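First the structure, in the form of structure tokens, and then the observations on it.
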Amino acid sequence: MSPEQLYLVAQEFCARFKLRIINYSALVAAAAASTARLEGIAIHGDEQQAAQAMAEVLEKVPALNAGNQTFAQYCARVYMATKFA
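Counting the sequence shown from 1 gives a position; this note's numbering is that position plus 1126.
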């Protein structure tokens, strides 16, 4: 998921639950975790691992003023849904 896509997901989540983004770097880091590559080789074995890596970053580096664990799991579900749509 790109940083821009994750930002859009965050905006919608925040609007729905009356939250706000407090750490844009966390969104960028989480997006990078989902697409991480070393020497051009993807570090995740599959899409599920990539989604979990993104969620893990969002849980450990809060992007929102509240509800970060729920947001992290929501983002992982969105990621998986868009990969297999």
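Glycine included, C-beta positions come from ideal geometry on N, C-alpha and C. Being a predicted model, the structure only gives us computed values, none of them experimental.
Under 8 angstroms between C-beta atoms of LEU1145 and LEU1184
In this structure, LEU1184 does not lie closer than 8 angstroms to LEU1145 by Cβ.
Any idea if ALA1141 is buried or exposed, counting beta-carbon neighbours within 10 angstroms, 16 or more meaning buried?
When all chains shown are included, ALA1141 counts as exposed.
Helix or strand or just coil, what does DSSP make of LEU1134?
Helix at LEU1134.
If I follow the unbroken alpha helix (DSSP H) through ASN1194, where does it start and stop?
In the DSSP assignment, ASN1194 falls within the unbroken alpha helix (DSSP H) covering 1194 to 1209.
If you measure between the beta carbons of MET1127 and MET1180, is that distance less than 8 angstroms?
Yes. Within cutoff.
Could you compute how far the alpha carbon of ASN1194 sits from the alpha carbon of PRO1188?
Inter-residue distance for ASN1194 and PRO1188 is about 6 angstroms (C-alpha atoms, whole angstroms).
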